[in-house]
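Novice: Residue numbers (our numbering): 9 to 193. Here a beta-carbon is modelled for each residue, glycine too, at the ideal position from N, C-alpha and C. Can you read through this structure? Questions will come right after.
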Amino acid sequence: MMDLAPDVDLKAYAVGRGIRFRDKRLSAPMRAVAWVLGLFGNRRFLTHQWTTMTPRRVFYPDALHDPRADWKPIDLDREVHGVGRLHPADLKGVLERHRPTLLHEFQHAADARRWPVLFQASYVFGPLPILGPSARVRWEARGYAWQIRLGRLSVDDVVGLIWSVYLWPLPKRWIRRIVEREVAL
């Protein structure tokens, strides 16, 4: 099985790890999470944010569309697992356009596989001051490290994202130390 690397074949990695994709709009739990996050001002959860909470499922936003027809949504799972309607070159283009995000989500899937109980608990109890904040910051820092390595985000960008999107989990200087440590690995 191939390891996660900046130049990994995204389709082969997903297929090899049994990672399936699902449109968030089609998931009742994701719609419920979106409703709760909306109470805290996050109105982009369904439309712009990808989510991975298990080793084998990546939820994608409804902003993912066929590059040949912007109005038509893509069923990414069908495309990746071989029964889709996109030409292979078009699928490769879609995957490449989302490479930094897919690497981020694949990192979450790897972490969920390695630490299943802790990973799940940190998402469920994320904002609570028991175990969630520091573990959740670590998972996000590991995911965002890919965007930093690929030059898409800076450490400052990631610290700001984790601070605001994930409901102020730790002091910013602690978040910075965690992000810098994960990028250096």
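How should Gln128 be labelled, buried or exposed, when 16 other C-beta atoms within 10 angstroms of its C-beta is the threshold for buried?
Specialist: Classification for Gln128: exposed.
Novice: Starting from Tyr68 and walking both ways along the beta strand (DSSP E), at which residues does that stretch end?
Specialist: Per DSSP, Tyr68 belongs to the beta strand (DSSP E) from 65-68.
Novice: Please report how far the alpha carbon of Leu84 lies from the alpha carbon of Arg28, in whole angstroms.
Specialist: Going from the Cα of Leu84 to the Cα of Arg28 covers about 9 Å.
Novice: For Leu12, tell me which candidate among Trp171, Arg150, Arg33 has the shortest Cα-Cα distance.
Specialist: Comparing Cα-Cα distances from Leu12 to each of Trp171, Arg150, Arg33, the minimum goes to Arg150.
Novice: Nearest-angstrom Cα distance between Arg33 and Thr60?
Specialist: Going from the Cα of Arg33 to the Cα of Thr60 covers about 15 Å.
Novice: By the three-class DSSP mapping on this structure, what secondary structure does Arg105 have?
Specialist: It is helical.
Novice: Short of 6 Å in beta carbon distance, which residues of its chain neighbour Val191, apart from the five on each side in sequence? Order them along the chain.
Specialist: Result list for Val191: Ala153, Ile156, in chain order.
Novice: By how many angstroms is the C-alpha of Asp31 removed from the C-alpha of Arg65?
Specialist: Going by the C-alpha atoms only, they are around 11 Å apart.
Novice: Kindly confirm or deny that the region 16-23 and the region 94-107 touch, where touching means at least three C-beta pairs closer than 8 Å.
Specialist: Contact between the region 16-23 and the region 94-107 is present, because at least three Cβ pairs lie under 8 Å.
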